[in-house]
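To keep things clear, I will list the structure first and then write my remarks on it.
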Amino acid sequence: MTAWLGIGATFFSMHAVAQSRMLLPTVYEAGHFYATPELVNGKTMRLVVDTGGGGAKGLYVIKAPAAQRLGLGTIKCALGGETAELIKAPAFRPGKGLPVSSNTPCHSAAFVIPAGKGMPDTEDGQLGAGYLPENVWTFDYPAKQLWLEPATWQAPSGAHRTALGFQTNAQGASGMARITLKVDGQPLDLLLDTGATAKPTTAGKEASGTPTEHGIGVTSYITTSVLERWHQRHPDWRVVADGDDLFGSGHASRLIEVPSVEIAGWVTGPVWFTERPDKNFHDFMSKYTDQRVEGSAGGNIFARFVMTIDYPDRAAWFTCARQCKIAAAR
(Lines of atoms letter the chains of each structure in order from A and count residues from 1; the text may use other names and numbers.)
(Lines give C-alpha, C1' and ligand atoms only; values in the text may rest on other atoms or scores of the structure.)
Protein backbone atom coordinates (compact mmCIF):
# COMPACT_ATOMS: atom_id res chain seq x y z
CA MET A 1 0.00 0.00 0.00
CA THR A 2 1.28 3.46 -0.82
CA ALA A 3 0.18 7.01 -0.19
CA TRP A 4 0.72 7.90 -3.87
CA LEU A 5 -2.36 7.17 -5.97
CA GLY A 6 -1.86 9.31 -9.04
CA ILE A 7 -3.91 11.88 -10.87
CA GLY A 8 -7.57 10.93 -11.04
CA ALA A 9 -7.10 8.42 -8.20
CA THR A 10 -7.31 4.86 -9.46
CA PHE A 11 -10.45 4.90 -11.57
CA PHE A 12 -10.79 3.17 -14.93
CA SER A 13 -13.24 1.04 -16.85
CA MET A 14 -12.62 -2.62 -16.05
CA HIS A 15 -12.38 -5.03 -18.97
CA ALA A 16 -10.26 -8.14 -19.44
CA VAL A 17 -7.83 -8.02 -22.36
CA ALA A 18 -5.64 -11.11 -21.97
CA GLN A 19 -6.08 -13.84 -24.59
CA SER A 20 -3.68 -16.48 -23.26
CA ARG A 21 -1.99 -17.34 -19.99
CA MET A 22 1.25 -15.45 -19.39
CA LEU A 23 3.89 -15.97 -16.70
CA LEU A 24 5.25 -12.62 -15.63
CA PRO A 25 8.97 -12.22 -15.03
CA THR A 26 9.17 -11.83 -11.26
CA VAL A 27 11.27 -12.47 -8.21
CA TYR A 28 9.66 -13.43 -4.92
CA GLU A 29 11.14 -12.07 -1.72
CA ALA A 30 9.68 -12.83 1.70
CA GLY A 31 6.08 -12.58 0.53
CA HIS A 32 6.43 -9.77 -2.03
CA PHE A 33 6.29 -10.27 -5.79
CA TYR A 34 8.54 -7.94 -7.79
CA ALA A 35 8.02 -7.72 -11.54
CA THR A 36 11.38 -7.75 -13.32
CA PRO A 37 10.73 -7.04 -17.00
CA GLU A 38 13.83 -6.72 -19.17
CA LEU A 39 14.19 -3.89 -21.68
CA VAL A 40 15.77 -4.32 -25.10
CA ASN A 41 18.77 -2.36 -23.80
CA GLY A 42 19.39 -5.17 -21.29
CA LYS A 43 18.34 -3.18 -18.24
CA THR A 44 15.78 -4.58 -15.80
CA MET A 45 12.96 -2.89 -13.92
CA ARG A 46 12.02 -3.84 -10.37
CA LEU A 47 8.36 -3.07 -9.67
CA VAL A 48 6.58 -4.27 -6.54
CA VAL A 49 3.22 -5.87 -7.34
CA ASP A 50 0.93 -4.04 -4.94
CA THR A 51 -2.85 -4.41 -5.25
CA GLY A 52 -3.18 -1.55 -2.75
CA GLY A 53 -0.66 0.61 -4.61
CA GLY A 54 -0.76 3.59 -6.92
CA GLY A 55 -1.34 4.46 -10.53
CA ALA A 56 -4.44 5.24 -12.56
CA LYS A 57 -6.09 4.69 -15.93
CA GLY A 58 -4.18 1.50 -16.75
CA LEU A 59 -0.81 3.02 -15.83
CA TYR A 60 1.76 1.74 -13.38
CA VAL A 61 4.14 3.95 -11.42
CA ILE A 62 7.86 4.48 -11.86
CA LYS A 63 10.22 6.76 -9.95
CA ALA A 64 11.99 9.50 -11.87
CA PRO A 65 15.55 8.32 -11.04
CA ALA A 66 14.64 4.81 -12.23
CA ALA A 67 13.18 6.12 -15.49
CA GLN A 68 16.40 8.03 -16.11
CA ARG A 69 18.62 5.06 -15.20
CA LEU A 70 16.64 2.75 -17.46
CA GLY A 71 16.76 5.17 -20.39
CA LEU A 72 12.98 5.52 -20.64
CA GLY A 73 11.61 8.38 -22.69
CA THR A 74 9.10 10.68 -20.98
CA ILE A 75 6.22 12.76 -22.29
CA LYS A 76 3.91 15.43 -20.90
CA CYS A 77 0.22 14.60 -21.00
CA ALA A 78 -2.87 16.61 -20.02
CA LEU A 79 -4.75 14.48 -17.53
CA GLY A 80 -7.51 15.31 -15.07
CA GLY A 81 -7.03 19.05 -15.47
CA GLU A 82 -3.31 18.71 -14.75
CA THR A 83 -0.18 17.95 -16.72
CA ALA A 84 1.39 14.61 -15.87
CA GLU A 85 4.82 13.27 -16.72
CA LEU A 86 4.50 9.79 -18.21
CA ILE A 87 6.78 7.25 -19.87
CA LYS A 88 6.22 5.93 -23.34
CA ALA A 89 5.51 2.21 -23.69
CA PRO A 90 8.93 0.57 -23.20
CA ALA A 91 10.37 -1.94 -25.66
CA PHE A 92 10.93 -5.24 -23.85
CA ARG A 93 12.87 -8.32 -24.83
CA PRO A 94 10.62 -11.06 -26.22
CA GLY A 95 8.98 -13.05 -23.44
CA LYS A 96 10.36 -10.75 -20.74
CA GLY A 97 7.93 -7.85 -20.81
CA LEU A 98 4.77 -6.61 -19.14
CA PRO A 99 1.22 -6.92 -20.44
CA VAL A 100 0.15 -3.74 -22.21
CA SER A 101 -2.83 -1.84 -20.83
CA SER A 102 -5.41 -0.70 -23.35
CA ASN A 103 -6.59 2.88 -23.94
CA THR A 104 -4.04 4.58 -21.69
CA PRO A 105 -3.65 8.38 -21.73
CA CYS A 106 -1.34 9.58 -24.52
CA HIS A 107 -0.53 5.92 -25.34
CA SER A 108 1.75 5.83 -22.31
CA ALA A 109 2.73 3.10 -19.84
CA ALA A 110 3.42 4.68 -16.44
CA PHE A 111 3.33 7.77 -14.27
CA VAL A 112 6.71 9.26 -13.39
CA ILE A 113 6.90 10.34 -9.76
CA PRO A 114 9.68 11.87 -7.64
CA ALA A 115 11.93 9.63 -5.58
CA GLY A 116 10.59 8.71 -2.17
CA LYS A 117 6.79 8.93 -2.05
CA GLY A 118 6.63 6.06 0.42
CA MET A 119 8.58 3.61 -1.75
CA PRO A 120 11.92 2.18 -0.61
CA ASP A 121 15.10 2.69 -2.61
CA THR A 122 15.07 -0.99 -3.59
CA GLU A 123 11.96 -0.47 -5.78
CA ASP A 124 11.80 1.28 -9.15
CA GLY A 125 8.04 1.60 -8.89
CA GLN A 126 4.79 -0.32 -8.60
CA LEU A 127 2.33 -2.38 -10.55
CA GLY A 128 -0.60 -1.11 -8.53
CA ALA A 129 -4.32 -0.52 -8.41
CA GLY A 130 -4.21 1.68 -11.50
CA TYR A 131 -2.62 -1.03 -13.66
CA LEU A 132 -3.75 -4.46 -12.46
CA PRO A 133 -7.56 -4.33 -12.66
CA GLU A 134 -8.06 -4.82 -16.40
CA ASN A 135 -7.27 -8.47 -15.98
CA VAL A 136 -7.34 -11.71 -14.02
CA TRP A 137 -4.20 -12.42 -11.98
CA THR A 138 -3.08 -15.55 -10.15
CA PHE A 139 -0.68 -15.03 -7.26
CA ASP A 140 0.68 -18.55 -6.82
CA TYR A 141 2.44 -18.05 -3.51
CA PRO A 142 3.56 -21.69 -3.04
CA ALA A 143 5.17 -21.74 -6.51
CA LYS A 144 6.34 -18.11 -6.18
CA GLN A 145 4.84 -17.29 -9.58
CA LEU A 146 2.56 -14.53 -10.88
CA TRP A 147 0.30 -15.32 -13.84
CA LEU A 148 -1.83 -13.17 -16.10
CA GLU A 149 -4.84 -15.33 -16.90
CA PRO A 150 -6.85 -15.35 -20.14
CA ALA A 151 -10.26 -13.72 -20.29
CA THR A 152 -11.74 -17.25 -20.43
CA TRP A 153 -10.18 -18.27 -17.09
CA GLN A 154 -12.21 -20.69 -14.98
CA ALA A 155 -11.65 -21.36 -11.28
CA PRO A 156 -10.06 -24.74 -10.50
CA SER A 157 -11.89 -27.40 -8.56
CA GLY A 158 -11.54 -26.83 -4.83
CA ALA A 159 -11.10 -23.06 -5.06
CA HIS A 160 -13.34 -20.90 -2.87
CA ARG A 161 -14.84 -17.65 -4.15
CA THR A 162 -15.35 -14.44 -2.22
CA ALA A 163 -16.85 -11.23 -3.57
CA LEU A 164 -14.79 -8.05 -3.76
CA GLY A 165 -16.16 -4.55 -3.33
CA PHE A 166 -15.11 -1.67 -5.60
CA GLN A 167 -16.10 1.96 -5.44
CA THR A 168 -17.70 3.08 -8.70
CA ASN A 169 -18.56 6.44 -10.23
CA ALA A 170 -19.00 7.99 -13.66
CA GLN A 171 -15.33 7.34 -14.43
CA GLY A 172 -15.62 3.61 -13.82
CA ALA A 173 -14.43 1.59 -10.83
CA SER A 174 -11.64 2.12 -8.34
CA GLY A 175 -8.88 -0.46 -8.39
CA MET A 176 -8.87 -0.69 -4.60
CA ALA A 177 -10.56 -3.96 -3.67
CA ARG A 178 -12.36 -4.45 -0.37
CA ILE A 179 -12.36 -8.01 0.95
CA THR A 180 -14.36 -9.25 3.93
CA LEU A 181 -12.76 -11.63 6.43
CA LYS A 182 -14.12 -12.91 9.71
CA VAL A 183 -12.26 -12.50 12.97
CA ASP A 184 -13.72 -13.66 16.26
CA GLY A 185 -16.90 -14.54 14.38
CA GLN A 186 -17.40 -10.96 13.16
CA PRO A 187 -17.03 -9.61 9.60
CA LEU A 188 -13.98 -7.42 9.05
CA ASP A 189 -13.69 -5.25 5.94
CA LEU A 190 -10.11 -4.82 4.74
CA LEU A 191 -8.20 -3.60 1.72
CA LEU A 192 -6.86 -6.46 -0.40
CA ASP A 193 -3.22 -5.46 -0.23
CA THR A 194 -0.42 -7.65 -1.61
CA GLY A 195 2.02 -4.82 -0.89
CA ALA A 196 1.37 -4.51 2.87
CA THR A 197 4.92 -4.27 4.18
CA ALA A 198 6.50 -5.34 7.45
CA LYS A 199 9.81 -4.24 8.91
CA PRO A 200 9.83 -6.19 12.16
CA THR A 201 12.01 -5.16 15.05
CA THR A 202 14.09 -7.79 16.79
CA ALA A 203 11.27 -8.30 19.28
CA GLY A 204 8.69 -8.41 16.50
CA LYS A 205 10.59 -10.98 14.50
CA GLU A 206 11.24 -13.17 17.52
CA ALA A 207 7.53 -13.21 18.34
CA SER A 208 6.02 -13.44 14.86
CA GLY A 209 8.66 -15.36 12.94
CA THR A 210 8.02 -13.09 9.95
CA PRO A 211 10.39 -14.01 7.09
CA THR A 212 12.37 -11.05 5.77
CA GLU A 213 14.85 -10.13 3.08
CA HIS A 214 16.95 -7.03 3.74
CA GLY A 215 14.78 -6.52 6.83
CA ILE A 216 11.52 -6.35 4.83
CA GLY A 217 8.62 -8.81 4.83
CA VAL A 218 4.84 -8.82 4.53
CA THR A 219 2.07 -8.31 7.04
CA SER A 220 -1.58 -7.35 7.42
CA TYR A 221 -2.66 -4.02 8.93
CA ILE A 222 -5.31 -3.21 11.53
CA THR A 223 -6.53 0.10 12.91
CA THR A 224 -5.73 1.13 16.47
CA SER A 225 -9.39 1.07 17.50
CA VAL A 226 -9.89 -2.52 16.35
CA LEU A 227 -6.60 -3.64 17.91
CA GLU A 228 -7.69 -2.12 21.21
CA ARG A 229 -11.07 -3.86 21.00
CA TRP A 230 -9.45 -7.22 20.28
CA HIS A 231 -6.99 -6.74 23.12
CA GLN A 232 -9.74 -5.89 25.61
CA ARG A 233 -11.86 -8.86 24.61
CA HIS A 234 -8.94 -11.28 24.34
CA PRO A 235 -6.11 -10.32 26.71
CA ASP A 236 -4.52 -13.69 25.92
CA TRP A 237 -3.88 -12.66 22.29
CA ARG A 238 -0.20 -11.77 22.15
CA VAL A 239 0.76 -8.13 21.64
CA VAL A 240 4.28 -6.87 20.89
CA ALA A 241 4.57 -3.24 21.97
CA ASP A 242 7.35 -2.19 19.58
CA GLY A 243 7.03 -4.88 16.95
CA ASP A 244 7.55 -3.02 13.66
CA ASP A 245 9.58 0.06 12.74
CA LEU A 246 8.82 0.53 9.04
CA PHE A 247 8.63 4.28 9.66
CA GLY A 248 11.91 4.47 11.53
CA SER A 249 13.14 4.34 15.08
CA GLY A 250 10.90 6.23 17.44
CA HIS A 251 7.84 5.34 15.37
CA ALA A 252 7.48 1.66 16.21
CA SER A 253 4.06 0.02 15.85
CA ARG A 254 2.38 -2.68 17.87
CA LEU A 255 1.70 -6.18 16.59
CA ILE A 256 -1.18 -8.41 17.63
CA GLU A 257 -1.50 -12.14 17.01
CA VAL A 258 -4.98 -13.32 15.97
CA PRO A 259 -5.35 -17.08 16.47
CA SER A 260 -7.44 -17.61 13.33
CA VAL A 261 -9.17 -15.72 10.54
CA GLU A 262 -11.74 -16.84 8.01
CA ILE A 263 -11.25 -15.90 4.37
CA ALA A 264 -13.35 -17.18 1.46
CA GLY A 265 -14.67 -20.05 3.53
CA TRP A 266 -11.21 -21.11 4.71
CA VAL A 267 -9.93 -20.85 8.27
CA THR A 268 -6.24 -20.10 8.73
CA GLY A 269 -3.99 -18.87 11.48
CA PRO A 270 -2.37 -17.58 13.43
CA VAL A 271 -2.11 -14.21 11.67
CA TRP A 272 -0.12 -11.22 12.90
CA PHE A 273 -1.51 -7.74 12.27
CA THR A 274 0.52 -4.53 12.39
CA GLU A 275 -1.12 -1.48 13.96
CA ARG A 276 -1.93 1.59 11.87
CA PRO A 277 -3.65 4.81 13.03
CA ASP A 278 -7.40 4.91 12.42
CA LYS A 279 -7.04 7.93 10.13
CA ASN A 280 -4.81 5.99 7.71
CA PHE A 281 -7.74 3.81 6.75
CA HIS A 282 -10.90 5.61 7.92
CA ASP A 283 -9.93 8.97 6.41
CA PHE A 284 -7.50 8.07 3.62
CA MET A 285 -7.80 4.59 2.11
CA SER A 286 -11.56 4.43 2.60
CA LYS A 287 -11.88 7.31 0.13
CA TYR A 288 -11.03 4.76 -2.56
CA THR A 289 -13.08 1.78 -1.37
CA ASP A 290 -16.82 1.19 -1.55
CA GLN A 291 -17.13 0.83 2.23
CA ARG A 292 -14.96 1.79 5.17
CA VAL A 293 -11.99 -0.51 5.72
CA GLU A 294 -10.27 -1.24 9.03
CA GLY A 295 -6.88 -2.19 7.63
CA SER A 296 -5.36 -4.47 5.00
CA ALA A 297 -5.28 -8.18 4.33
CA GLY A 298 -1.73 -8.87 3.19
CA GLY A 299 0.74 -11.45 2.04
CA ASN A 300 1.15 -13.12 5.41
CA ILE A 301 -2.40 -14.42 4.90
CA PHE A 302 -2.24 -14.94 1.13
CA ALA A 303 1.03 -16.90 1.32
CA ARG A 304 -1.00 -19.93 2.47
CA PHE A 305 -3.01 -19.96 -0.76
CA VAL A 306 -3.03 -19.79 -4.51
CA MET A 307 -5.02 -16.57 -4.95
CA THR A 308 -6.66 -15.45 -8.19
CA ILE A 309 -8.07 -11.93 -8.38
CA ASP A 310 -10.71 -11.72 -11.10
CA TYR A 311 -11.15 -7.97 -11.39
CA PRO A 312 -13.77 -8.01 -14.16
CA ASP A 313 -15.93 -10.42 -12.11
CA ARG A 314 -15.17 -8.52 -8.88
CA ALA A 315 -14.16 -11.68 -7.05
CA ALA A 316 -11.15 -13.45 -5.58
CA TRP A 317 -10.59 -17.20 -5.51
CA PHE A 318 -8.50 -19.03 -2.91
CA THR A 319 -7.10 -22.56 -3.07
CA CYS A 320 -5.59 -23.80 0.19
CA ALA A 321 -1.91 -24.73 0.07
CA ARG A 322 -0.99 -24.95 3.76
CA GLN A 323 -2.20 -24.07 7.25
CA CYS A 324 -5.87 -23.81 6.28
CA LYS A 325 -9.05 -25.82 6.58
CA ILE A 326 -12.64 -25.46 5.42
CA ALA A 327 -14.71 -23.27 7.73
CA ALA A 328 -17.49 -24.98 9.65
CA ALA A 329 -20.95 -24.57 8.14
CA ARG A 330 -23.22 -22.15 9.98
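Numbering (the working numbering) for the sequence shown: 903 to 1232.
Ideal Cβ positions, reconstructed from N, Cα and C, are used throughout, including at glycine.
- Taking 9 angstroms as the cut-off, the Cβ atoms of H1009 and K990 count as close.
- About 6 angstroms separates the CB atoms of T938 and T928; that is less than 8 angstroms, so the two are in contact.
- Per DSSP, L988 is one residue of the beta strand (DSSP E) stretching across E984 to K990.
- Under the three-state reduction of DSSP, E931 is assigned to strand.
- When DSSP states are grouped into helix, strand and coil, E1108 belongs to the helix group.
- Here P1089 carries a strand assignment [DSSP, helix/strand/coil].
- Cβ neighbours of K1046 within its own chain (closer than 6 angstroms, five residues either side excluded): Y930.
- Apart from the 5 residues on each side of it in sequence, P967 sits with its Cβ closer than 7 angstroms to the Cβ of A1017 in its chain, given in chain order.
- G1060 and A932 have their C-alpha atoms roughly 26 angstroms apart.
- F1175 sits in a strand when the DSSP states are folded into three classes.
- Between V963 and D1026, the alpha-carbon positions lie close to 8 angstroms from each other.
- Relative to the Cα of R1080, the nearest Cα in the group A1065, Q1088 and S1122 belongs to A1065.
- If one requires a minimum length of 3 residues, the beta strand (DSSP E) runs lying completely within the segment 999 to 1031 are 1010 to 1015 and 1027 to 1029, in chain order.
- According to the DSSP secondary-structure assignment, I1228 is paired through a beta bridge with W1168.
- Taking a contact to require three or more Cβ pairs closer than 8 angstroms, the segment 1083 to 1099 and the segment 1198 to 1211 qualify as touching.
- Residue pairing by DSSP places M1078 in no beta bridge whatsoever.
- A straight line joining the alpha-carbon of L988 with that of G1074 spans about 22 angstroms.
- About 29 angstroms separates the beta carbon of A980 from that of V942, a gap too long to meet the 8 angstroms contact definition.
- Cβ contact annotation for M924 (same chain, cutoff 6 angstroms, sequence separation greater than five): L1050, in chain order.
- Rounded to the nearest whole angstrom, the C-alpha separation of G1145 and V1173 is 14 angstroms.
- Q1134 carries a helical assignment under DSSP once its states are collapsed to helix, strand and coil.
- The three-state reading of DSSP puts M1187 in helix, counting H, G and I together.
- Judged by their CB atoms, G1032 and A1143 are not nearer to each other than the 9 angstroms cut-off.
- In the DSSP assignment, F1068 falls outside any alpha helix (DSSP H), carrying neither H nor E.
- Between the beta-carbon of Q1225 and that of T1170 there is about 5 angstroms, and that keeps the pair under the 8 angstroms contact cut.
- Its chain contains W906, V963, K965 and A966 as the residues whose beta carbon lies nearer than 7 angstroms to that of I1015, once the 5 sequence neighbours on both sides are disregarded; these appear in chain order.
- Secondary structure of S1155 (DSSP, three-state): strand.
- In the DSSP assignment, R1063 forms a beta bridge with W1219.
- Counting other Cβ atoms within 10 Å of its Cβ, P1102 reaches 16 or more and is therefore classed as buried.
- Sorting I1158, D1095 and R995 by C-alpha distance to the C-alpha of S1127 places I1158 at the top.
- Going by DSSP, F1204 is part of the alpha helix (DSSP H) stretching over G1201 to F1204.
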